[in-house]
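Residue numbers (the working numbering), protein chains in the order written: chain A, 1 to 468; chain B, 1001 to 1194.
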Ligand code: SF4
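The structure is reproduced here in structure tokens:
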């Protein structure tokens, strides 16, 4: 018998009732993250069936998707700045949590933020846990060696009522990443390159384990960026084995285990990495030693090229439709394309290291007059830390807007949008048509590339602007 | 959830690949707190012009699409966001089954929980369906068969449990609630507590 993979170990540890030919497994969920958009109907269903919440202590809630990123101090302000439907949704969320005894990190909390930023920040995200959220980027939490995956609203109801989900065991896909990352090339470029290689459906039905020396060398924030975009390759989840970096990151966080519990947890986490003889259903390798900054040119994250390359040529109808939407021409270089908006933020790239990257390029420089730049911290904690370090000043002095924590321009539902036809270089994870506003054209990139493009006013290579 | 045994209908074809759930329901419609009435948001940015008028050339606005319950779509349909609003909107619009060579995992799971039948077919069948829009097809959930007008019948994968839920209009929550004792035992006996 071959050894077990990281995924298999965590999966086995959560089987309440094993899978059979006729029925899926009943899988126990250790942590349920919730936000205002995908939960109201789940609470409605439970209410109408008279069902209580089984483990309110294992669910935490925050406000991020439809919340505005302009300063608000009370719910009254919300009615002024938000669309009535968005304000109502936020109120509903707060009420649902109050009535059901669910911890809400809301406007009165200094731990509010994008759900996938605050889970790790609070130390709620831990190795070996099963973590779900009504949001596809729950894959982010896999960076800690947890199984984290997105679920629909019906399943949110299942977890609230039973703390379990019905699941078939997914396949495993090992992605081996080797090579030293060149200067100016980041975790974001690595994951974009991986999606470009395996395609937006390349991970369907699978849980990815990212392995190899490059991955081992990444800090936790970079690992989160990688795992975050697993879903953009169609994967159920993405995982990275816990190690010293993981343990060090979690030590002392508010919801991390304490004292003897901490020691026991660390011992358990140390045993989680895949056994040397673990087998995967599929393996893919990628060498990143020659990688360059990457940018997308089309309308899904797999349509990606090195920033110094030209837009590829293809006769495929969907490909041509994407190019027409993006108003880019096959064979033309990406560099030099005029940019209208730059967005640094989202659960992919809104943590301290991302802000440091953006600031390193912006410091002492000016955002081009034709560009509107938004920098949006992923959480109130990130916001405070950045302000303590004076990063907000760097951004403001460069001419960027420094906003309150939230999903912001990652998706057009909170007031932050790019306008029809505008080209937005964005550190988020989705360049789908209209994702950032009706008719908006999104180019996904790293915070370094986004900041360099803001200064140039066109898509730009950040490498010449890197500080010494 | 309604029982679904047979879906018989003409097809409407959207050949594009990687149609994501942001297209199926754009994010600005997600501020709703109920699943009702989302049909009008279905493919909103493709379906309406900027004044909110239906675009005559968009497939779902054409007379041929009226009353179609089966959508034939390009590979990797429903990728992206986990929003269950996507199957809710399709169902509210009148779609009862989606046929493709590939359907994204979360969308597939959400569809099954709402009685929208995901039908995965081989490349040749798919190519034929794309080339022959509007044909009358029959999807038989009990036998997991897609029947084409020329008499061919193509098997599609559907696990026993999902099939049972579709055929009986049972939602999975009831099944999970029945496992309550096993869940309690698991909680009490596990080696560590979250
Ligand atoms: S930042 Fe974007 S991708 Fe992340 S949770 Fe918010 S909306 Fe989803």
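Here a beta-carbon is modelled for each residue, glycine too, at the ideal position from N, C-alpha and C.
These numbers come from a predicted model, not from an experiment.
Does the pairing of the segment 22–37 of chain A with the segment 291–307 of chain A give three or more beta-carbon distances under 8 Å?
no
Can you tell which of A/438, A/342, A/191 has its C-alpha closest to the C-alpha of residue 367 of chain A?
Indexing the first chain from 1 puts residue 367 of chain A at position 367. Cα-wise, what sits closest to residue 367 of chain A is A/342.
Any C-beta of chain B under 8 Å from that of residue 18 of chain A:
By one-based count along the first chain, residue 18 of chain A stands at place 18. No, residue 18 of chain A does not count as interfacial toward chain B.
Is the number of C-beta pairs between the segment 223–233 of chain A and the segment 355–364 of chain A that are closer than 8 Å three or more?
no
Compute the distance between the beta-carbons of residue 195 of chain A and residue 345 of chain A, then report whether it is under 8 Å.
Numbered from its first residue, the first chain carries residue 195 of chain A at position 195. Numbered from its first residue, the first chain carries residue 345 of chain A at position 345. Result no, Cβ atoms of residue 195 of chain A and residue 345 of chain A do not sit closer than 8 Å.
On a CA-only basis, which of B/1077, B/1096, B/1107 is nearest residue 318 of chain A? Give me that one, please.
Working through the first chain from its first residue, we reach residue 318 of chain A at position 318. That would be B/1077, whose Cα lies nearest to the Cα of residue 318 of chain A.
Are residue 10 of chain A and residue 113 of chain A closer than 8 Å when you measure CB to CB?
Residue mapping note: residue 10 of chain A aligns to position 10 of the first chain, counting from 1. Residue mapping note: residue 113 of chain A aligns to position 113 of the first chain, counting from 1. Against a cut-off of 8 Å, the Cβ pair of residue 113 of chain A and residue 10 of chain A comes out as no contact.
For residue 1174 of chain B, three-class secondary structure by DSSP:
The residue given as residue 1174 of chain B occupies position 174 in the second chain. Here residue 1174 of chain B sits in helix by DSSP.
Select from the segment 56–69 of chain A all residues with a C-beta closer than 8 Å to any C-beta belonging to chain B, and list them in chain order.
58, 65, 66
Considering Cα atoms alone, identify which of B/1116, B/1136, B/1133, B/1103 is closest to residue 1122 of chain B.
Translated into positions along the second chain, residue 1122 of chain B becomes position 122. Taking only the C-alpha atoms, the option nearest residue 1122 of chain B is B/1103.
Shortest alpha-carbon distance to residue 108 of chain A belongs to which of A/116, A/75, A/234?
Counting from one through the first chain, the residue named residue 108 of chain A turns up at place 108. The residue with the shortest Cα to Cα distance from residue 108 of chain A is A/75.
Around the Cβ of residue 313 of chain A, are there at least 16 other Cβ atoms within 10 angstroms (buried) or fewer (exposed)?
If you number the first chain from 1, residue 313 of chain A lands on position 313. Exposed.
Cα-Cα, which of A/456, A/454, A/449 is closest to residue 473 of chain A?
With chain A covering 1 to 468 only, the question about residue 473 of chain A has no answer from this structure.
Compare the C-alpha of residue 85 of chain A against each of B/1037, B/1029, B/1064 and name the closest.
Working through the first chain from its first residue, we reach residue 85 of chain A at position 85. When only C-alpha atoms are compared, the closest one is B/1029.
Coarse secondary structure for residue 1036 of chain B, derived from DSSP in three states:
Start at 1 with the first residue of the second chain, and residue 1036 of chain B comes out as number 36. It is coil, neither helix nor strand.
At a cut-off of 7 Å, would you count residue 410 of chain A as near the ligand SF4, judging by its Cβ distance to the nearest heavy atom?
By 1-based counting over the first chain, the position of residue 410 of chain A is 410. Yes, the Cβ of residue 410 of chain A comes within 7 Å of a heavy atom of the ligand SF4.
May I ask you to list the residues that DSSP assigns as paired with residue 176 of chain A?
On the first chain, residue 176 of chain A is found 176 positions in, with the first residue counted as 1. A/211, A/285, per the DSSP bridge assignment.
Quick check on residue 1123 of chain B: does DSSP put it in helix, strand or coil?
Mapped onto the second chain, residue 1123 of chain B falls at position 123. Correct three-state label for residue 1123 of chain B: helix.
Leaving aside the five residues before and after residue 87 of chain A along the sequence, list all residues of the same chain whose C-beta is less than 6 Å from its C-beta, in chain order.
Locating residue 87 of chain A in the first chain gives position 87, counting from the first residue. Excluding residues within five positions, the ones whose Cβ falls inside 6 Å are 78, 79.
Please compile the residues from chain B whose C-beta is within a distance smaller than 8 Å of the C-beta of residue 201 of chain A.
The count along the first chain starts at 1 and reaches residue 201 of chain A at position 201. Result: 1018, 1075, 1076, 1079, 1102, 1104.
Would you please verify whether the beta carbon of residue 1157 of chain B is less than 8 Å from any beta carbon of chain A?
Position 157 of the second chain, counting from 1, holds the residue named residue 1157 of chain B. Judged by the 8 Å Cβ criterion, residue 1157 of chain B is not in contact with chain A.
Spatial neighbours of residue 1171 of chain B within its chain, please: C-beta separation below 8 Å, excluding the five flanking residues on both sides.
On the second chain, residue 1171 of chain B is found 171 positions in, with the first residue counted as 1. Around residue 1171 of chain B: 1001, 1113, 1165.
Report yes if the C-beta of residue 347 of chain A is less than 7 Å from at least one heavy atom of the ligand SF4; otherwise report no.
If you number the first chain from 1, residue 347 of chain A lands on position 347. Checking every heavy atom of the ligand SF4 against the Cβ of residue 347 of chain A, one is found closer than 7 Å.
Just the chain A side, please: which residues come within less than 9 Å of residue 1186 of chain B by C-beta, in chain order?
Translated into positions along the second chain, residue 1186 of chain B becomes position 186. Near residue 1186 of chain B (Cβ distances below 9 Å), the residues of chain A are 14, 15, 16, 17, 26, 28, 164.
Apply the 10 Å Cβ neighbour rule to residue 1178 of chain B and answer buried if 16 or more other Cβ atoms are within range, or exposed otherwise.
Locating residue 1178 of chain B in the second chain gives position 178, where the first residue counts as 1. Exposed, since its Cβ has fewer than 16 Cβ neighbours within 10 Å.
Tell me whether residue 1118 of chain B is buried or exposed, calling it buried when 16 or more other Cβ atoms sit within 10 Å of its Cβ.
Here the question's residue 1118 of chain B lines up with position 118 in the second chain. When all chains shown are included, residue 1118 of chain B counts as buried.
Beta-carbon of residue 1084 of chain B versus every beta-carbon of chain A: anything under 8 Å?
Numbered from its first residue, the second chain carries residue 1084 of chain B at position 84. Output row for residue 1084 of chain B: interface = yes.
Strictly below 8 Å CB to CB, what residues from chain B border residue 158 of chain A?
Here the question's residue 158 of chain A lines up with position 158 in the first chain. Near residue 158 of chain A (Cβ distances below 8 Å), the residues of chain B are 1172, 1173, 1176.
Using 10 angstroms around the beta-carbon of residue 431 of chain A, count the other beta-carbons present and answer buried if the total reaches 16, otherwise exposed.
For the purposes of this step, residue 431 of chain A is taken as the residue at position 431 of the first chain. By the neighbour-count rule (16 or more Cβ atoms within 10 Å), residue 431 of chain A is buried.
Selected residue, minimal CA-CA separation from residue 1065 of chain B, among B/1151, B/1181, B/1136, B/1141
The count along the second chain starts at 1 and reaches residue 1065 of chain B at position 65. The shortest C-alpha separation from residue 1065 of chain B is found at B/1136.
Do you know offhand how far residue 371 of chain A's Cα is from residue 364 of chain A's?
In the first chain, the residue the question calls residue 371 of chain A occupies position 371. In the first chain, the residue the question calls residue 364 of chain A occupies position 364. So the alpha carbons of these two residues sit roughly 17 Å apart.
Using a Cβ cut-off of 8 Å (strictly closer), state whether residue 150 of chain A contacts chain B.
Numbered from 1 along the first chain, position 150 holds the residue referred to as residue 150 of chain A. So yes, residue 150 of chain A belongs to the interface.
With a 10 Å radius around its C-beta and 16 neighbouring C-beta atoms as the bar for buried, classify residue 20 of chain A as buried or exposed.
In the first chain, the residue the question calls residue 20 of chain A occupies position 20. By the neighbour-count rule (16 or more Cβ atoms within 10 Å), residue 20 of chain A is not buried but exposed.
Step through the CB atoms of chain A and report whether any lies within less than 8 Å of the CB of residue 1093 of chain B.
Locating residue 1093 of chain B in the second chain gives position 93, where the first residue counts as 1. No, because no Cβ of chain A sits closer than 8 Å to the Cβ of residue 1093 of chain B.
Within-8 Å CB hit, residue 136 of chain A to chain B
Reading the first chain from its first residue, position 136 is the one you call residue 136 of chain A. Chain B, which has a Cβ nearer than 8 Å to the Cβ of residue 136 of chain A, makes this yes.
CB of residue 406 of chain A within 8 Å of CB of residue 414 of chain A, strictly
Position 406 of the first chain, counted from the first residue, corresponds to residue 406 of chain A. Position 414 of the first chain, counted from the first residue, corresponds to residue 414 of chain A. Yes, they are a contact pair.
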